[in-house]
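*Asks:*
Number of protein chains: 4
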Amino acid sequence: MQFTNDKAIYLQIVELVEEKILQQEWSLEDRIPSVRELGAAIEVNPNTVMRAYEKLQQEGIIYNKRGIGFFVATQARDSILKTKRRNFLTHEAPLFFKTAKLLSVELETLISLYKQIENHEKN
Amino acid sequence: MQFTNDKAIYLQIVELVEEKILQQEWSLEDRIPSVRELGAAIEVNPNTVMRAYEKLQQEGIIYNKRGIGFFVATQARDSILKTKRRNFLTHEAPLFFKTAKLLSVELETLISLYKQIENHEKN
Amino acid sequence: MQFTNDKAIYLQIVELVEEKILQQEWSLEDRIPSVRELGAAIEVNPNTVMRAYEKLQQEGIIYNKRGIGFFVATQARDSILKTKRRNFLTHEAPLFFKTAKLLSVELETLISLYKQIENHEKN
Amino acid sequence: MQFTNDKAIYLQIVELVEEKILQQEWSLEDRIPSVRELGAAIEVNPNTVMRAYEKLQQEGIIYNKRGIGFFVATQARDSILKTKRRNFLTHEAPLFFKTAKLLSVELETLISLYKQIENHEKN
DNA sequence: GTGGTCTAGACCACC
DNA sequence: GTGGTCTAGACCACA
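Protein chains in written order, with my numbering: chain V, -12 to 110; chain W, -12 to 110; chain L, -12 to 110; chain E, -12 to 110.
This is the structure:
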């Protein structure tokens, strides 16, 4: 697998797993690959995969059965969206609005753009 | 220089030049490196640099004096911002609002966030 | 066997024996290992085991038939629970309530927690 | 330093740091030892110390200044007590009440004991 | 110097 | 087999 240099590998694994779950390649309550399996598959040290799984577990996206493996939590989808939502509000959105300021784009312009998109999707 | 794989190299050179101008490393009316010079510096084929310069010229950011070289246009800064502004409105903003929709972030939430940032910068 | 450093070994042997009896590994009226046997088994000086047996005898948990050995008393289980009960009330509980105070946990919170557990075990 | 075997070393380091802060050996806003320093002092791999610091940071007890080190957060004391409180309510208290049940200690007995201690501390 | 990340390899308890 | 912890040693960006 290919990793970007500007982001920690374990964070990219977190995103990979979230994507698999959102795309329903890995269904709710399914067992996901063991840290060793996934590590071998994407050519990364199992410890690094473990770190990603720890973060995912802590966010309530996967859970662990001792001696068995990690499983996709029932509320995984909600947890992922919740996490992404928080990131969106604290990072993406502020950056977006700062760029808007920098480019002298008025709030009104953005709002009308928003409404255009809203209407576009209704059709 | 390092290039990303997910974008044409000549477009990355365009951005590089724009950045140099915005950061005022290359001042208005200054001569910029020749396609051969820049090509050697960033280890890229002069033809690729030429393609970038053509696009920049077409956007009114640089202009050419035959037999002498390329120069930063007087209105370069405005042109760049104008280009960025268009890109912002046609690509970034729609993507941003689609993400907002996907994450169930309301317009009101975005507006209040915008105003927070506005006030924050005043202090 | 592994012993903790923060408690006298003979007291840890007392607990070991009590545990064996509570778990019914050693049944009521059964003969338990001689001080030499147990001493060898857990790699401890027979004198230390003797000290533990004396304490257990004094608490009415085991009794001695001269020349034969030690036996689990009929009322052993009751005696052990009585001992544990006293320890619980004089040491564990006060410590527990002091910790509760320290952490600003109200009596009401504890009571409702108690009732939760009570109901939980009925199901 | 001495570590118990029945608990992960990094968790024991977490408790060590919390203790230092509660005892005010390390004051609020003070810089605490670097992962390398503490690692050397207690003869533990810096990575293990790092893991402890990560957990402490995540719980809002310490924070990090890039390239400088870790510092005791202003709300450290509150965060520690909050963490301990949660642990008390979800682990210690249930265990305590189960033991009470096992030893046939009535709720009324516990309550009167609680009130005794309450009065005792007032004098 | 600092934290942060990653690897390789080891050992453990649990199932 | 599984996760979980720990070590030793390496490299990086940041200050």
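Glycine included, C-beta positions come from ideal geometry on N, C-alpha and C.
Measuring CB to CB, does I49 (chain L) end up less than 8 Å from I19 (chain L)?
*Replies:* For the purposes of this step, residue 49 (chain L) is taken as the residue at position 62 of the third sequence. For the purposes of this step, residue 19 (chain L) is taken as the residue at position 32 of the third sequence. Cβ distance < 8 Å, so I49 (chain L) and I19 (chain L) count as in contact.
*Asks:* From the DSSP secondary-structure annotation, give me the bridge partner or partners of V59 (chain V).
*Replies:* Taking the first sequence and counting its residues from 1, the one referred to as residue 59 (chain V) is at position 72. BP columns for V59 (chain V) point to V:I49.
*Asks:* Beta carbon of I104 (chain W): closer than 7 Å to some heavy atom of the ligand NAD?
*Replies:* The ligand NAD is absent from the structure shown, which contains no ligands of any kind.
*Asks:* Could you list which residues in chain W have their beta carbon closer than 7 Å to that of L9 (chain V), in chain order?
*Replies:* Numbered from its first residue, the first sequence carries residue 9 (chain V) at position 22. Residues of chain W passing the Cβ test: none, with the nearest at roughly 10 Å.
*Asks:* Where does the unbroken alpha helix (DSSP H) through G26 (chain W) begin, and where does it stop?
*Replies:* To locate residue 26 (chain W), count along the second sequence from 1; it is residue 39. Where G26 (chain W) is concerned, the enclosing alpha helix (DSSP H) stretches over V22 to A28.
*Asks:* Assess, as a yes-or-no matter, whether the segment 73 to 85 of chain E is touched by the segment 35 to 43 of chain E under the definition of 3 or more beta carbon pairs within less than 8 Å.
*Replies:* In short, these stretches do not touch, since the Cβ pair count stays below three.
*Asks:* Comparing the C-beta of F84 (chain W) with each C-beta of chain V, is any distance below 8 Å?
*Replies:* What you label residue 84 (chain W) is simply residue 97 of the second sequence in a count that begins at 1. So yes, F84 (chain W) belongs to the interface.
*Asks:* Do you know how far the Cα of I67 (chain L) is from the Cα of E5 (chain L)?
*Replies:* By one-based count along the third sequence, residue 5 (chain L) stands at place 18. By one-based count along the third sequence, residue 67 (chain L) stands at place 80. Their backbone Cα atoms lie some 7 Å apart in a straight line.
*Asks:* Could you run through the segment 30 to 58 of chain E and flag, in chain order, every residue whose CB is less than 8 Å away from some CB of chain L?
*Replies:* If the cut-off is 8 Å between Cβ atoms, the segment 30 to 58 of chain E has nothing near chain L.
*Asks:* Establish whether the CB of V92 (chain V) and some CB of chain W are separated by less than 8 Å.
*Replies:* As a working note, residue 92 (chain V) is residue 105 in the first sequence. Yes, its Cβ sits closer than 8 Å to a Cβ of chain W.
*Asks:* Apply the 10 Å Cβ neighbour rule to A60 (chain E) and answer buried if 16 or more other Cβ atoms are within range, or exposed otherwise.
*Replies:* The count along the fourth sequence starts at 1 and reaches residue 60 (chain E) at position 73. So A60 (chain E) ends up on the buried side.
*Asks:* Which residues, in chain order, does the segment 65 to 78 of chain E contribute to contact with chain L at a C-beta distance below 8 Å?
*Replies:* Residues passing the 8 Å Cβ filter: L68, K71, R72, F75 and L76.
*Asks:* Check this for me: beta carbons of R64 (chain L) and I104 (chain L), under 8 Å apart or not?
*Replies:* Here residue 64 (chain L) refers to the residue found at position 77 of the third sequence. Here residue 104 (chain L) refers to the residue found at position 117 of the third sequence. In this structure, I104 (chain L) does not lie closer than 8 Å to R64 (chain L) by Cβ.
*Asks:* My guess is that L89 (chain L) and Y101 (chain E) are in contact by the Cβ rule of under 8 Å, so how many angstroms apart are they, rounded?
*Replies:* Working through the third sequence from its first residue, we reach residue 89 (chain L) at position 102. Working through the fourth sequence from its first residue, we reach residue 101 (chain E) at position 114. Not a contact, Cβ separation roughly 14 Å.
*Asks:* Using a cut-off of 8 Å between C-beta atoms, extract the partners of I104 (chain E) located in chain L.
*Replies:* As a working mapping, residue 104 (chain E) is identified with position 117 in the fourth sequence. Result: P81, F84, K85 and K88.
*Asks:* Within the continuous alpha helix (DSSP H) that includes V1 (chain L), where are the two ends?
*Replies:* Counted from its first residue, the third sequence places residue 1 (chain L) at position 14. I(-4) to L9 is the extent of the alpha helix (DSSP H) around V1 (chain L).
*Asks:* Between which two residues does the alpha helix (DSSP H) carrying L89 (chain E) extend?
*Replies:* Numbered from 1 along the fourth sequence, position 102 holds the residue referred to as residue 89 (chain E). Element bounds for L89 (chain E): A80 to L89.
*Asks:* Using a Cβ-Cβ distance cut-off of 8 Å, determine whether L97 (chain W) contacts chain V.
*Replies:* The residue you call residue 97 (chain W) lines up with position 110 of the second sequence. Yes, L97 (chain W) counts as interfacial toward chain V.
*Asks:* Find the residues of chain E that neighbour L100 (chain L), judging by a C-beta separation of less than 9 Å, and give them in chain order.
*Replies:* Indexing the third sequence from 1 puts residue 100 (chain L) at position 113. By Cβ distance, chain E contributes L76, A80, P81 and F84.
*Asks:* Do F58 (chain E) and E16 (chain E) have their beta-carbon atoms positioned less than 8 Å apart in this structure?
*Replies:* Walking along the fourth sequence from the start, residue 16 (chain E) turns up at place 29. Walking along the fourth sequence from the start, residue 58 (chain E) turns up at place 71. Yes, these two residues count as a Cβ contact at 8 Å.
*Asks:* Beta-carbon separation of I(-4) (chain V) and V22 (chain V) under 8 Å?
*Replies:* For this step, residue -4 (chain V) is matched to residue 9 along the first sequence. For this step, residue 22 (chain V) is matched to residue 35 along the first sequence. Contact: no.
*Asks:* CA-CA distance, L3 (chain L) and K52 (chain E)?
*Replies:* Residue numbering aside, residue 3 (chain L) sits at position 16 when the third sequence is read from its first letter. Residue numbering aside, residue 52 (chain E) sits at position 65 when the fourth sequence is read from its first letter. Taking the straight line joining both Cα atoms gives about 50 Å.
*Asks:* Where E98 (chain V) and R38 (chain W) are concerned, what is the direct C-alpha to C-alpha distance, given to the nearest angstrom?
*Replies:* Residue mapping note: residue 98 (chain V) aligns to position 111 of the first sequence, counting from 1. Residue mapping note: residue 38 (chain W) aligns to position 51 of the second sequence, counting from 1. According to the sequence provided, residue 98 (chain V) is Ile. The question's Glu does not apply to it. Their Cα atoms are separated by approximately 37 Å.
*Asks:* If we ignore side chains and look at the alpha-carbon of each, how far apart do V92 (chain W) and G47 (chain V) end up?
*Replies:* Mapped onto the second sequence, residue 92 (chain W) falls at position 105. Mapped onto the first sequence, residue 47 (chain V) falls at position 60. Answer to the nearest angstrom: the Cα atoms are 21 Å apart.
*Asks:* Who does R18 (chain L) pair with in a DSSP beta bridge?
*Replies:* The residue labelled residue 18 (chain L) in the question sits at position 31 within the third sequence. Per DSSP, L:F58.
*Asks:* Is A87 (chain V) buried or exposed, if buried means 16 or more other CB atoms sit within 10 Å of its CB?
*Replies:* To locate residue 87 (chain V), count along the first sequence from 1; it is residue 100. By the neighbour-count rule (16 or more Cβ atoms within 10 Å), A87 (chain V) is buried.
*Asks:* Please go through the same chain and pick out, in chain order, the residues whose beta-carbon is closer than 6 Å to the beta-carbon of P33 (chain V), but skip the five residues on each side of it.
*Replies:* Mapped onto the first sequence, residue 33 (chain V) falls at position 46. The answer, listed in chain order, is V22, R23 and G26.
*Asks:* Write down the C-beta distance between M(-12) (chain V) and I55 (chain V) rounded to the nearest angstrom, noting that I regard them as a contact closer than 8 Å.
*Replies:* On the first sequence, position 1 is the one that residue -12 (chain V) refers to. On the first sequence, position 68 is the one that residue 55 (chain V) refers to. Not confirmed; about 25 Å, so no contact.
*Asks:* Would you tell me roughly how many angstroms separate the C-alpha atoms of Q11 (chain E) and T70 (chain W), rounded to the nearest one?
*Replies:* As a position in the fourth sequence, residue 11 (chain E) is number 24, starting the count at 1. As a position in the second sequence, residue 70 (chain W) is number 83, starting the count at 1. Roughly 57 Å separates the two Cα atoms.
*Asks:* Whose C-alpha, out of L:F75, L:T96 and L:R72, is nearest the C-alpha of T77 (chain E)?
*Replies:* What you label residue 77 (chain E) is simply residue 90 of the fourth sequence in a count that begins at 1. T77 (chain E) has its Cα closest to that of L:T96, out of L:F75, L:T96 and L:R72.
*Asks:* To the nearest angstrom, how far is it from the Cα of S114 (chain W) to the Cα of H107 (chain W)?
*Replies:* Lying before the first or after the last residue shown, residue 114 (chain W) is absent from chain W, which here runs from -12 to 110.
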